[in-house]
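Contents: one structure, followed by commentary.
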Amino acid sequence: MRFFDSHVHMVSRTTDDYQRMAAAGVAAIIEPSFWQGQPRTEVGTFKDYFNSLIGFERFRASQFGIKHYCTIGLNPKEANNEKLAEAVMELMPLYICKEGVVGIGEIGYDDQSKMEEKYLIRQAEMALEADLPIQIHTPHRDKKKGTNRTMDVLVDVGVSPDKVIIDHNNEETVKEVLDRGFWAAFTIYPHTKLGNERMVDLMLEYGAEKIVVDSAADWGISDPLAVPKTAALMKERGVTIEEIEKVTYHNPLAAYGQSGQVEESDWEDHEGIDATALFEGNTLFRGGQDIDEAMSQYLIE
Amino acid sequence: MRDTLLAALSASASADAVSWLRGQISELSENFEKHPFYYAFSGVSRRFDKAATIQSENETIVGWDEFRTARVALLLVLAEKDKDTFLESFSAVLNTADIREQIALFSALRWMRHQEDLVESAVDGLRSNIVDIYDSIALDNPFPQEHFTDEAWNQMVLKAIFISRPLHRIHGIEARRNQALAEAISDLAHERWAAGRLITPEAWRSCIGFIDERIAGDIAKMAESENPDDRAAAALVVAEEESGKLESRKTTLADELSKIEIGDLSWKSLGQEMEDKIIRKSLT
Ligand SMILES: [Zn+2]
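Right, dumping it as structure tokens:
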């Protein structure tokens, strides 16, 4: 099976991760712009970060036969630094129409502050202007209220729910998100938040329509194989292959495909791994990795 | 030039894409604003086909892809603006450019105004590890010849030799020969030989006119090489060198020299042959 992980922060991951993802069938990924752990204080670091998303990270992924896309945005945590946020707003128009940029994201609320709202609105307007999907980060604290408030704001701006992927959903938020016509993405986290058994239960209840599963693997404890592992568990628990393919591949492709910047032929025509292209003399390959071992424990608790 | 680019695109791209581009060009010509320019420049990727190869009567753009062609057409609009606007937007776009965008920007240099202000960007672009970006500045581009200092020029040529690029496509490869470059090429050759590796035979072209004892020895080594490309290069050097320091090589290279005489061998023919070999298999 092949997978499309629509939320994974590869700048924080190693080449081992890339190897295991490729071996487990991850064909394409989306890397949302996000907080880097250490708060940025200068707009120049945003520029270099965005440049790496459209440049070196894309190349790095290609070395493992994985097609890399990204979303561009100012995350809510750093939106609270107004001077910086304004500078990033000036920078974003240079990036959002670029090749392989499949949306504005991840944006939304963290503390649900006034500043966060201001830049959520500004970026939603930018997405409208550039006709791009929006990838929404929902807050971890006070999630239900924050999720509903995000949807209200987006509808007010005039964004069509069909163009918005609301991420980090749980049992409490999913119903309203789907009822209002938004895409509902679920991030599978090890140890906390949402394990993949709960994800399977959610699927058994809500089906596969407009549901997306992703890993959101980043610099914290997380699992870049979360999507293939969850697919394996779904299969074991009796979810149909068709439904599994929907939530781990076809749905994210349809949602972000609205950008016109990603289609299946981007990787279907791909002649395997492109180890010599573009960055001459900079091959990243090392020895193989035992994927069977990595996948043997596919239950994420 | 803009008409040439648009005509070539009309023959290749969809009518919708070309009419979009024409619309952007006329709008930006009348009323230039930064954000619409950024959207248009990067948004070329949403409308054109990067795999399509341009055909044209203008040799410069033959083989370009549609992205590069359309973006250069947009840059020609930017070039008509006042100096501050031009430099601000050119560098904003360059500093945030992806690979194909950089290729378009560097390809457009020759048609830009205020070229003296763009030299540093071109020199910096050559530091890229990405061969396609390097090529867009160094090959088939008159800009380095016209604007680079000797130091920058020599770095560019040495890197071309280092990464096996076709030297015959560097504008001014003959006119900008200099002593320091000739010596550096000889040094590089000795390093390569010590490591049991080769150097592209085209490199010796840059040593003509600067033959000292050591380089004369290098040419002698080439003249006696088993590799016909090395002998061809040695003959081309011997035929052109006017100092008389290589006269004694003429007998060894009689066959190659007669080929040169009847027009069967030139730096261009050797360069093209090397280019074919580079594509098939790196010299190193
Ligand atoms: Zn994230």
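Chains A and B, in that order, are what the protein sequence lines are. Sequential numbering of the first sequence, starting at 14, is according to the working numbering. Sequential numbering of the second sequence, starting at -14, is according to the working numbering. Just so you know, even glycine gets a beta-carbon here, dropped at the ideal spot from N, CA and C.
So, with DSSP's three-state summary, where would you put residue i?
| i | result |
| --- | --- |
| Asp50/B | strand |
| Thr200/A | strand |
| His22/A | coil |
| Ile184/B | coil |
| Pro45/A | strand |
| His150/A | strand |
| Glu119/A | strand |
| Ala(-2)/B | coil |
| Ile67/A | helix |
| Ala36/A | helix |
| Thr253/A | coil |
| Thr54/A | coil |
| Phe16/A | strand |
| Val223/B | helix |
| Val275/A | coil |
| Thr70/B | helix |
| Thr243/A | helix |
| Thr261/A | helix |
| Thr38/B | strand |
| Ile224/A | strand |
If we ignore side chains and look at the alpha-carbon of each, how far apart do residue i and residue j end up?
| i | j | result |
| --- | --- | --- |
| Glu168/B | Arg177/B | 14 Å |
| Gly157/B | Ser278/A | 42 Å |
| Lys60/A | Tyr269/A | 23 Å |
| Leu268/B | Leu166/B | Caution applies to Leu268/B, whose pLDDT of 44 falls short of 50 and renders its modelled position unreliable; the model cannot decide the point. |
| Phe77/A | Ile257/A | 24 Å |
| Glu44/A | Asn80/B | 21 Å |
| Gly208/A | Ile201/A | 6 Å |
| Ala37/B | Ala25/B | 19 Å |
| Met28/A | Phe17/A | Checking the sequence shown, residue 28/A turns out to be Thr, not Met. Approximately 18 Å, taken between the alpha carbons. |
| Gln148/A | Pro151/B | 45 Å |
| Ser228/A | Ala35/A | 14 Å |
| Ala217/B | Met141/B | 24 Å |
| Val116/B | Ile79/A | 21 Å |
| Lys248/A | Glu255/A | 10 Å |
| Leu66/A | Val24/A | 8 Å |
| Ala219/B | Asp172/B | 17 Å |
| Arg(-13)/B | Asp67/B | 19 Å |
| Gln125/A | Ala92/A | 11 Å |
| Val252/A | Lys158/A | 31 Å |
Terminal residues of the continuous alpha helix (DSSP H) containing residue i?
| i | result |
| --- | --- |
| Ile122/B | Val116 to Ala123 |
| Val142/B | Asp135 to Phe147 |
| Gly110/B | Val104 to Gly110 |
| Asp169/A | Lys156 to Val170 |
| Val29/B | Lys19 to Arg32 |
| Met102/A | Glu95 to Leu104 |
| Pro265/A | Asn264 to Gly270 |
| Tyr219/A | Asn209 to Tyr219 |
| Met207/B | Glu198 to Ala208 |
| His132/B | Phe128 to His132 |
| His175/B | Gln164 to Ala179 |
| Arg135/A | Lys127 to Ala143 |
Return the first residue and the last residue of the beta strand (DSSP E) that residue i is part of.
| i | result |
| --- | --- |
| Lys80/A | Lys80 to Ile85 |
| Asp231/A | It is not in any beta strand (DSSP E) - Asp231/A carries neither H nor E in the DSSP assignment. |
| Val177/A | Val177 to Asp180 |
Quick one: which chain A residues come within Cβ less than 7 Å of residue i?
| i | result |
| --- | --- |
| Asp83/B | Ile67, Gly68, Lys111 and Glu112 |
| Ser27/B | Cys110 and Lys111 |
| Ala77/B | Leu107 |
Can you pull the chain B residues whose beta carbon is under 7 Å from the beta carbon of residue i, in chain order?
| i | result |
| --- | --- |
| Pro106/A | His20, Tyr23 and Tyr24 |
| Ala143/A | Tyr24 |
Taking C-beta pairs closer than 8 Å, name the residues in chain B that residue i reaches, listed in chain order.
| i | result |
| --- | --- |
| Lys60/A | Asn80 and Thr81 |
| Gly273/A | Arg31 |
| Phe63/A | Thr81 |
Under 9 Å between beta-carbons, which chain B residues line up against residue i? List them in chain order, please.
| i | result |
| --- | --- |
| Ala140/A | None at all; the shortest Cβ gap to chain B is about 13 Å. |
Using 8 Å as the threshold, is the region 70 to 89 of chain B in touch with the region 34 to 53 of chain B, meaning 3 or more CB pairs across them?
The region 70 to 89 of chain B vs the region 34 to 53 of chain B: in contact.
How do the region 107 to 125 of chain B and the region 138 to 145 of chain B stand: do at least 3 beta-carbon pairs fall below 8 Å, yes or no?
yes
The region 227 to 243 of chain A in contact with the region 109 to 116 of chain A per 3-pair CB rule at 8 Å
no
Would you check if the region 15 to 35 of chain B and the region 63 to 81 of chain B touch, i.e. whether three or more CB-CB distances between them fall below 8 Å?
yes
With a threshold of 8 Å, are at least 3 pairs of Cβ atoms found where one atom belongs to the region 102 to 111 of chain A and the other to the region 150 to 167 of chain A?
no
Per the contact definition of three or more C-beta pairs closer than 8 Å, is the region -13 to 6 of chain B in contact with the region 54 to 69 of chain B?
yes
At least 3 beta-carbon pairs within less than 8 Å: the region 103 to 115 of chain B vs the region 131 to 141 of chain B
yes
Could you check whether the region 232 to 239 of chain A touches the region 51 to 60 of chain A, counting it as contact only if at least three pairs of C-beta atoms, one from each stretch, sit closer than 8 Å?
As far as the Cβ criterion goes, the region 232 to 239 of chain A does not touch the region 51 to 60 of chain A, which means the pair count is below three.
With a threshold of 8 Å, are at least 3 pairs of Cβ atoms found where one atom belongs to the region 198 to 211 of chain B and the other to the region 226 to 237 of chain B?
yes
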